[in-house]
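For the protein sequence lines, the chains are A and B, in the order given. Counting from 90, one number per residue, gives the positions in the first sequence under the numbering used here. Counting from 90, one number per residue, gives the positions in the second sequence under the numbering used here. Cβ coordinates follow ideal geometry from the N, Cα and C atoms, glycine included. Please read all numbers here as calculations on a predicted model, not as lab measurements. For reference, the structure is listed below as structure tokens.
2 protein chains.
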Amino acid sequence: MNFPSKLVEDAVNEFAKLPGIGKKTALRLALYLLSQPADNTQNFTTAVSRMRSDIRFCDNCHNIADGDLCGICSNALRDHSTVCVVENLRDVIAIENTEQYRGVFHVLGGVISPIDGIGPEQLRIDSLLEKVKQGTVKEIIMAISPTMEGDTTIFYISRKLQEFNQSIKITSIARGVAFGNELEYVDELTLARSIASRLPYESYMTAK
Amino acid sequence: MNFPSKLVEDAVNEFAKLPGIGKKTALRLALYLLSQPADNTQNFTTAVSRMRSDIRFCDNCHNIADGDLCGICSNALRDHSTVCVVENLRDVIAIENTEQYRGVFHVLGGVISPIDGIGPEQLRIDSLLEKVKQGTVKEIIMAISPTMEGDTTIFYISRKLQEFNQSIKITSIARGVAFGNELEYVDELTLARSIASRLPYESYMTAK
């Protein structure tokens, strides 16, 4: 692509580095900013650069935070005895958006994946064990994607937890047929699992 | 959407103001920047804010430029007697990318559209007439989208030009069936126009 201006070319190249944004979309975004008042671009770049430079990670759960603790960990109204273990920030946001979960989180920062060179020591598993050692945690919910890596991670953490605390309750989010899915199109593994972990009718109705 | 951090929320809201970017994509972009080294975000915001603050418009053709004149107008190898009139910057870039056009441009900044409150006085038509008055321009190519507003603009400019210069050659880019289109799916107006403005076989072959 030829650009009439080096400044535009630089901005387009930077936009095009973002995921899912190609050269054409990048050009569209750059020209959009050019067509708007200069203040809008100023606000945009300030917000983005402040986010990157001022962001902190919660000392307790490794979620993103504005201060030492994130909004969830510093909220006394939440149930600090239930810890939901997730892979990354996106999962925290996804679960928070359901507005159904009242416990706290623990962000691992990934899953065990030998093929990508990620072992347990790269993940924030030690601080989770430390938290459990203090004795206030009653339940650990594993909310990790049902992939081979995810299942390995769940297995590893569960074993570690049970090593020094037999009484802790470890659960996993339910795997099954998603709402709105047609039974005939659901894959065999999911369908088999959803039959194996069937629920009593009453608990299904209340959970819903 | 709930955000664990005000900083991220601000950045997401700013990203979501860009055209074609919704809240989910904006979050993905913000989290991507968070996952990359801080320098990348720095480069990104610097390039975008420099583009907006340092960009100039070419004194001659109103294209974007890094200095007084754009790269096209300041290029002595280009044919300054042929002026291609376009609606906006995107059209300049599109035509430049064909690498077939060796003349210069004139960016109108829009088309006449009474419904949007855009009259001829809002467009850069006066400076085009001024350029033609100087007598160096031999041909004006109208490269404007074939909409009602575009056709009105072409008609208005052509009449103005002919008022004081009868000898100037005014042309329009060809309207017709696009390469790769199947005849049976082409709309009637385009097909009718492509038959009315048919070309001798030899000129078709050389033009191609």
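Item                                                                                                                      : Value
Through-space distance from LEU288 of chain B to ALA115 of chain B, alpha-carbon basis                                    : 49 Å
Cβ-Cβ distance between LEU145 of chain A and GLN131 of chain B below 9 Å                                                  : According to the sequence displayed, residue 145 of chain A carries Arg and not Leu. Cβ distance not < 9 Å, so ARG145 of chain A and GLN131 of chain B don't count as in contact.
Collapsed DSSP secondary structure at GLU210 of chain A in the structure displayed                                        : helix
LYS297 of chain A in three-state terms, based on DSSP                                                                     : Bear in mind that a pLDDT of 49 at LYS297 of chain A, under 50, signals an unreliable position, so the number given afterwards is only what the model happens to contain. Coil.
Against chain A: residues of the stretch 175-193 of chain B by CB proximity under 9 Å                                     : ASN177, LEU178, ARG179, VAL181, ILE182, GLU185, ASN186 and GLU188
Selected residue, minimal CA-CA separation from GLU103 of chain B, among A:ARG139, A:ASN91 and A:LYS258                   : A:ARG139
Given ALA267 of chain A as reference, the closest of A:ILE257, A:GLN255, A:GLU252 and A:SER283 once Cα atoms are compared : A:SER283
Distance between ILE243 of chain A and CYS150 of chain A (C-alpha atoms, nearest Å)                                       : 17 Å
C-alpha gap between LYS297 of chain B and SER234 of chain B, whole angstroms                                              : At LYS297 of chain B the pLDDT is 49, less than 50, meaning the model places this residue with poor confidence; the figure from the coordinates comes in the next sentence. Those two C-alpha atoms are separated by around 21 Å.
Whole beta strand (DSSP E) elements within the stretch 147-177 of chain A, 3-residue minimum                              : 168-175
DSSP beta-bridge partners of GLU228 of chain A                                                                            : A:THR171 and A:LYS258
Bridge partner(s) assigned by DSSP for SER202 of chain A                                                                  : A:ILE207
Alpha carbon of VAL226 of chain A to alpha carbon of VAL174 of chain A, nearest angstrom                                  : 12 Å
GLN211 of chain A to THR241 of chain A span [Cα, whole Å]                                                                 : 15 Å
Chain B within 9 Å of ALA119 of chain A, Cβ atoms only                                                                    : yes
Beta-carbon neighbours of ASN254 of chain B, restricted to chain A and to distances below 7 Å                             : Under the 7 Å cutoff, chain A gives no residues; its nearest Cβ is about 28 Å from ASN254 of chain B.
ALA285 of chain A - DSSP class collapsed to helix/strand/coil                                                             : helix
Rounded C-alpha distance that separates LEU178 of chain A from ALA183 of chain B                                          : 40 Å
Short-range partners of chain B found in the stretch 147-178 of chain A, where Cβ spacing is below 9 Å                    : CYS147, ASN152, ILE153, ALA154, ASP155, CYS159, GLY160, ILE161, ASN177 and LEU178
Per-residue DSSP class, three states only, for GLY192 of chain B                                                          : strand
Contact list for VAL137 of chain A against chain B, beta-carbon separation under 8 Å                                      : ALA100, GLU103, PHE104, ALA119, LEU122, THR130, PHE133 and THR134
THR279 of chain B versus ILE230 of chain B - alpha carbon distance                                                        : 20 Å
Min CB distance ALA232 of chain A to chain B below 9 Å                                                                    : no
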